[in-house]
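Let me begin by presenting the structure, written as structure tokens, before commenting on it.
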Amino acid sequence: MQTVEIDFDVFKEITNRRKTEGVTPNDVLRELFGLDPIEAKDVPLMPSGKPWVTKGVTFPYGAQFRATYKGQEFIAEAKDGALFLNGKRFISPSAAAVSITGNSVNGWIFWECKLPGSDSWKIIKDYRMGA
Numbered sequence: 022m023q024t025v026e027i028d029f030d031v032f033k034e035i036t037n038r039r040k041t042e043g044v045t046p047n048d049v050l051r052e053l054f055g056l057d058p059i060e061a062k063d064v065p066l067m068p069s070g071k072p073w074v075t076k077g078v079t080f081p082y083g084a085q086f087r088a089t090y091k092g093q094e095f096i097a098e099a100k101d102g103a104l105f106l107n108g109k110r111f112i113s114p115s116a117a118a119v120s121i122t123g124n125s126v127n128g129w130i131f132w133e134c135k136l137p138g139s140d141s142w143k144i145i146k147d148y149r150m151g152a
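Heads up, the sequence shown stops at 152 in the numbering used here, and the numbers go up one at a time, no gaps.
As structure tokens, then:
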């Protein structure tokens, strides 16, 4: 299977065009390109669930987050409408960052994100409008 990198706006548009949770991004693109559908067993399913929305930015369910602090890597995940880090629920990236550092931190520059289906990491401030 090939990987295609897309920007966040394209990802949101593809997600919005999914008619049901069973429709994959590949199904959406095949329909847009006028291609015949393929059997569902040939297409990997994307994780589905409530996305995390913060400051007008939507991170899809299953988006992964990482940060490095004092040489240690921390991994978090968007699910059930929040950011989960070490089993704890956070509603803002800064609150999650403070739980690691113990100090006031701008979470928008502390965390990187990898969206479902992507292999690349991007600092989350780049997802905010006007970034």
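Built from N, CA and C at the ideal position, the CB exists for glycine as well.
All of these numbers come straight from a predicted model, not from anything done at the bench.
Extent of the continuous alpha helix (DSSP H) run through residue i
i	result
residue 33	29 to 37
residue 46	46 to 53
Three-state secondary structure (DSSP) of residue i
i	result
residue 130	helix
residue 63	With a pLDDT of 45 at residue 63, under the threshold of 50, the modelled position of that residue is not reliable, and the figure given next carries that caveat. Note: residue 63 maps to helix in three-state DSSP.
Cross-strand partners of residue i (DSSP beta bridge)
i	result
residue 146	DSSP, once it has assigned bridges, lists no residue as partnering residue 146.
residue 135	85
Cβ distance (whole Å) where residue i is taken to contact residue j below 8 Å
i	j	result
residue 129	residue 112	Rounded, the Cβ-Cβ distance is 14 Å, inconsistent with contact.
residue 72	residue 81	5 Å
residue 48	residue 70	With a Cβ gap of about 19 Å, residue 48 and residue 70 do not count as contacting.
residue 24	residue 140	6 Å
residue 137	residue 84	6 Å
residue 106	residue 95	7 Å
residue 88	residue 133	7 Å
residue 33	residue 79	7 Å
residue 127	residue 115	6 Å
Runs of alpha helix (DSSP H) lying entirely within the region 67 to 125, each at least 4 residues, in chain order:
114 to 122
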